[in-house]
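All remarks here apply to the structure that follows.
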Amino acid sequence: MEHILGQGWEIHPAGGATGEAFFAKYQEQKLFLKRNSSPFLAVLSAEGIVPKLVWTKRMENGDVITAQQWLNGRELKPEEMGQERVAKLLKKIHDSAPLVSMLERLGKASFKPEKMLAELEKSIDNDLLQMPSVRSAITFLKAEIKNIQNGEFVVCHSDINHNNWMLSEDNELYLIDWDGPVIADPALDIGMLLYLYIPRENWPTWLNQYGVILTDHLLLRMKWYVVRQTLIDIQWHKDKQRYQEMNHWTRFLQEVNESYE
């Protein structure tokens, strides 16, 4: 990193699971550096969804380093996820043709429910299948797969946790950490956001801000994608031996199983 930036820069790891991200500072200049970011980052920057991409450089070993504007800001709080600007930014993302085009150029195909269910069934281990709530959830996914078909495929972030929403000091909102984007039904993002953060009685208002009407079909699609994602989360935490988190998501799954039937 030092020979790319030059002398005098302070470079510190930015944390994260991959260890590929860094903060760099030189006098008043501040950058967020990442090794081998997807070319998708350039489109996200151009669309104003992530902080501005300053430059991209290829190293002698073939690694690509990207530098983004380092903004002072904070994560959104859970109770702020109901704000209109969250709905508007998510809608902007879902409406973006350049995002879809770039992911397709990178080899991403539409991630359809049939493939999602097949991958999920391969990943769930026998221990989890002994749990009534897990068996009930998978039965629901199989029973409703023909009823959730939807012709709209958009770029979904697929991890809309409030920690990934950044509000800058200039009051600009960004959605960051694009490690797992997919081309899928927008209900994939919308469902998790509503189930996790928005009281049920406020769903019609939030969706109106986003630009759609709450229908029975949308309700079913959201529930389907939330059940699927929750099963993935339960298995992931079990694999990591994070049993407290696993139990949390298992209780959440039970609540979702019983919701809006």
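Residue numbers (my numbering): -9 to 251. Don't be surprised by glycine CBs; every beta carbon is placed ideally from N, CA and C.
- Spanning the alpha carbons of N26 and E70 requires a straight line of approximately 32 Å.
- In this structure, L131 and W214 form a Cβ contact; the two beta carbons are roughly 6 Å apart against a cut-off of 8 Å.
- Here S27 carries a coil assignment [DSSP, helix/strand/coil].
- In the three-state scheme derived from DSSP, where H, G and I count as helix and E and B as strand, M156 is classed as strand.
- When Cβ pairs closer than 8 Å are counted between the two stretches, the segment 89 to 104 is seen not to touch the segment 52 to 72, the count staying below three.
- D149 has its alpha-carbon roughly 26 Å from the corresponding atom of A14.
- Using a C-beta cut-off of 8 Å, the segment 73 to 85 makes contact with the segment 198 to 207, since at least three inter-stretch Cβ pairs fall below that distance.
- Counting only the Cα atoms, I166 lies some 14 Å from N62.
- With contacts defined as CB atoms closer than 8 Å, F143 and D175 qualify as a contacting pair.
- Between I128 and R211, the beta carbon gap of about 17 Å keeps them out of contact (Cβ cut-off 8 Å).
- Sequence-distant Cβ neighbours of D223 in its own chain, meaning closer than 6 Å and more than five residues away, are W239.
- In the displayed model, Q234 falls within a helix according to three-state DSSP.
- Leaving aside the five residues that flank V172 on each side, the residues in its chain whose CB is nearer than 6 Å to its CB run, in chain order, F101, C146, S148.
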